[in-house]
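A short write-up of the structure that comes next.
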Amino acid sequence: SSSSSSSSMGEAFMPSYKGGLLPIAHDLGKRLLRAFDTRTGMPYAWVNLRRGVREGEVTESNVAAVGSFSLEFGALSRLTGDDAFELAATRATKALWSLRNRATNLLGNTLDVQTGRWVDRSGGVGAGCDSFFEYLLKKHVAFGDEWSADAFSDAYVAATKHYRTPEGWYHESNMDTGAPTHLQATSLQAFWPGLQVLNGDVRAAKKTHARLWSVWRKYEMFPERYQYVDGTLHASERYYPLRPELAESTAILFHATRDDSYRFIGEEIIRDINRHARVPGGFASVKDVQFKTLEDHMHSFFLAETCKYLYLLFDDSFLSTRNVIFNTEGHPLPVFARADADGDGDGDGSGARDGSTDRDRPVAGSITNARLSRHRDDDDDDD
Numbered sequence: 001s002s003s004s005s006s007s008s009m010g011e012a013f014m015p016s017y018k019g020g021l022l023p024i025a026h027d028l029g030k031r032l033l034r035a036f037d038t039r040t041g042m043p044y045a046w047v048n049l050r051r052g053v054r055e056g057e058v059t060e061s062n063v064a065a066v067g068s069f070s071l072e073f074g075a076l077s078r079l080t081g082d083d084a085f086e087l088a089a090t091r092a093t094k095a096l097w098s099l100r101n102r103a104t105n106l107l108g109n110t111l112d113v114q115t116g117r118w119v120d121r122s123g124g125v126g127a128g129c130d131s132f133f134e135y136l137l138k139k140h141v142a143f144g145d146e147w148s149a150d151a152f153s154d155a156y157v158a159a160t161k162h163y164r165t166p167e168g169w170y171h172e173s174n175m176d177t178g179a180p181t182h183l184q185a186t187s188l189q190a191f192w193p194g195l196q197v198l199n200g201d202v203r204a205a206k207k208t209h210a211r212l213w214s215v216w217r218k219y220e221m222f223p224e225r226y227q228y229v230d231g232t233l234h235a236s237e238r239y240y241p242l243r244p245e246l247a248e249s250t251a252i253l254f255h256a257t258r259d260d261s262y263r264f265i266g267e268e269i270i271r272d273i274n275r276h277a278r279v280p281g282g283f284a285s286v287k288d289v290q291f292k293t294l295e296d297h298m299h300s301f302f303l304a305e306t307c308k309y310l311y312l313l314f315d316d317s318f319l320s321t322r323n324v325i326f327n328t329e330g331h332p333l334p335v336f337a338r339a340d341a342d343g344d345g346d347g348d349g350s351g352a353r354d355g356s357t358d359r360d361r362p363v364a365g366s367i368t369n370a371r372l373s374r375h376r377d378d379d380d381d382d383d
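Next up, the structure:
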């Protein structure tokens, strides 16, 4: 039966796994595949799990939504033996990357998945784009995919050239000209220092993290958007929904550098969240970071990611011997292409790519378990 076949495939990659929910995951994956039935191969943002894509469904989606299937679908294909999932994810990612401006290597933000026409040509490393970059690099680490490594290298160099300011802030830019469009730091950008570390760019990661941490210290949380030019809050996006990205980057930087200052930062983050967001029923999203008014809800990612990364900052021992990589929602997945322990790369997908001019020794690519290879950077002058 397909159920027993899926179970045996899963056990081949994860010997301790006995099937469990894999048949249900396989069924869910097949239902999701219907979203990929477009002229471009890029998926709709919405699909009805029972009936498929509804007639007249909106065809607009964003870069992150289109380009963030590789880890989950790649794992599902390997665990079930059904390659349809990985093929669909790969086709979507390659179709998206083919729509970049070839002169700048930049993407926009939103586009039509049926026509491939850009709706918003202003891109960045934050909302609407973030996990696309993340999944290019992590697909290389998880599966040894060289195309993803090359695409990530080009995308990373372009982002560094066109989005980064000399002070270490990141803004959004027009994909055709590289000209800045929105001079704002956003909460979803805060994953970027962690990705820089995974790519071996530790010095730049420290600088980016320092800028973002300065915003947190100002408000004791991170607003959704911060106008770094004049140091003011955005007119409407002043909320903090307990996002995990800064905690994630802080944890990754600590395990890469063993610099205890990042643990002190984590301690401050925990204290601030407890002070401003803790309520009798749990923790509440903050409606306005200036006045510390609260919403009447808590997003699930607070537990799945924010709390998890803060825990891992102080103790990752239970994952230190396991060969896993985290997806963009903080869930560990097995690394199927084991990386070379020395980070040299031996054709199995290991080793980070050369993505900047001020490289440190690669950290991830040689990190196949949750504990990052120790990396000490003695040059702190530009922090």
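Just so we're aligned, residue 1 is where the sequence shown starts under UniProt numbering, counting upward by one. Even glycine gets a Cβ: it sits at the ideal position worked out from N, Cα and C. If you're wondering where the values come from, they're calculated on a predicted model, not measured in any experiment.
Neighbour-count burial assignment, residue i, 16 or more Cβ in a 10 Å radius
i, result
"Ile269", "buried"
"Gln290", "exposed"
"Asp230", "exposed"
"Phe314", "exposed"
"Gly128", "buried"
"Asn199", "buried"
"Arg78", "buried"
"Lys308", "buried"
"Thr250", "buried"
"Ser350", "Interpretation of Ser350 is limited by its pLDDT of 33, a score under 50 that renders its predicted location unreliable; the figure taken from the coordinates is listed afterwards. With 16 or more other Cβ atoms within 10 Å, it is buried."
"Lys139", "buried"
"Thr232", "exposed"
"Asn274", "exposed"
"Leu28", "exposed"
"Arg243", "buried"
"Gly281", "exposed"
"His375", "Low local confidence applies: a pLDDT of 36 at His375 is under 50, so the model's placement there is unreliable, with the coordinate-based value given in what follows. Buried, since its Cβ has 16 or more Cβ neighbours within 10 Å."
Alpha-carbon spacing of residue i relative to residue j, whole angstroms
i, j, result
"Ala205", "Val324", "22 Å"
"Lys292", "Glu224", "14 Å"
"Lys30", "Ile265", "43 Å"
"Phe283", "His297", "8 Å"
"Asn181", "Arg211", "The question names Asn, but residue 181 is Thr in the sequence shown. Taking the straight line from one Cα to the other gives about 20 Å."
"Arg203", "Arg164", "14 Å"
"Gly20", "Gly330", "21 Å"
"His26", "Phe73", "10 Å"
"Gln114", "Phe132", "19 Å"
"Asp360", "Gly56", "Note that Asp360 scores a pLDDT of 39, beneath 50, so its modelled location is shaky; the value from the coordinates is reported in the next line. Rounded to the nearest angstrom, the two C-alpha atoms are 49 Å apart."
"residue 385", "Ser61", "It is not possible to answer for residue 385, since the shown part of the chain is limited to 1 through 383."
"Ala352", "Arg117", "Note that Ala352 scores a pLDDT of 38, beneath 50, so its modelled location is shaky; the value from the coordinates is reported in the next line. Using only the alpha carbons, I get a separation of about 32 Å."
"residue 396", "Tyr239", "Outside the shown range of the chain (1 to 383) lies residue 396, about which nothing can therefore be said."
"Leu87", "Thr328", "20 Å"
"Gly194", "Met42", "27 Å"
"Gly347", "Val335", "Caution applies to Gly347, whose pLDDT of 34 falls short of 50 and renders its modelled position unreliable; the value that the coordinates give is listed next. Computed Cα separation, rounded: 15 Å."
"Val157", "Glu267", "33 Å"
"Gly355", "Val279", "With a pLDDT of only 39 at Gly355, under the threshold of 50, the placement of this residue in the model should not be trusted; the figure read from the coordinates follows. Straight-line Cα distance between these residues: approximately 44 Å."
"Phe63", "Leu294", "Checking the displayed sequence, the identity of residue 63 turns out to be Val instead of Phe. Between Val63 and Leu294, the C-alpha separation is close to 31 Å."
"Phe254", "Leu137", "20 Å"
"Ser68", "Thr93", "8 Å"
"Ser187", "Leu246", "8 Å"
"His209", "Thr40", "37 Å"
"Asp176", "Leu111", "15 Å"
"Ser53", "Ala89", "In the sequence on display, residue 53 carries Val and not Ser. Val53 and Ala89: Cα-Cα distance of roughly 17 Å."
"Thr257", "Ser320", "16 Å"
"Gly144", "Ala179", "34 Å"
"Leu22", "Gly81", "11 Å"
Terminal residues of the alpha helix (DSSP H) in which residue i lies
i, result
"Asp230", "It is not in any alpha helix (DSSP H) - Asp230 carries neither H nor E in the DSSP assignment."
"Pro23", "22 to 32"
"Val324", "Segment 324 to 326 is the beta strand (DSSP E) holding Val324; no alpha helix (DSSP H) there."
"Asp333", "Contrary to the premise, residue 333 reads as Leu rather than Asp in this sequence. Segment 332 to 334 is the beta strand (DSSP E) holding Leu333; no alpha helix (DSSP H) there."
"Leu71", "70 to 80"
"Asp272", "261 to 277"
"Leu253", "245 to 257"
"Lys94", "84 to 98"
"Leu312", "308 to 314"
Segment limits, beta strand (DSSP E) that includes residue i
i, result
"residue 384", "No statement about residue 384 is possible, as the shown extent of the chain runs from 1 to 383 and does not include it."
"Trp118", "118 to 120"
"Ser173", "172 to 174"
"Thr160", "Counting along the chain, Thr160 falls outside any beta strand (DSSP E), though it belongs to the alpha helix (DSSP H) covering 146 to 163."
"Asp130", "Here Asp130 belongs to no beta strand (DSSP E); instead the alpha helix (DSSP H) covers 130 to 143."
"Lys287", "286 to 288"
"Leu111", "110 to 112"
For residue i: DSSP bridge partner residues
i, result
"Asn199", "Paired residues: none, contrary to the question."
"Pro180", "Ser173"
"Asn48", "Gly52"
"Leu106", "Asn101"
"Thr293", "Asp288"
"Gly282", "Val279"
"Gly123", "Ser173"
"Tyr240", "Val286"
Report task. Could you tell me whether the region 164 to 171 touches the region 93 to 107, using the rule of 3 or more Cβ pairs below 8 Å? Result -> no
Query raised in the report: Given 8 Å as the limit, is there contact between the region 302 to 317 and the region 114 to 124, that is, 3 or more CB pairs closer than that?
Result: no
Query raised in the report: So does the region 44 to 57 actually touch the region 87 to 102, counting three or more Cβ pairs closer than 8 Å?
Result: no
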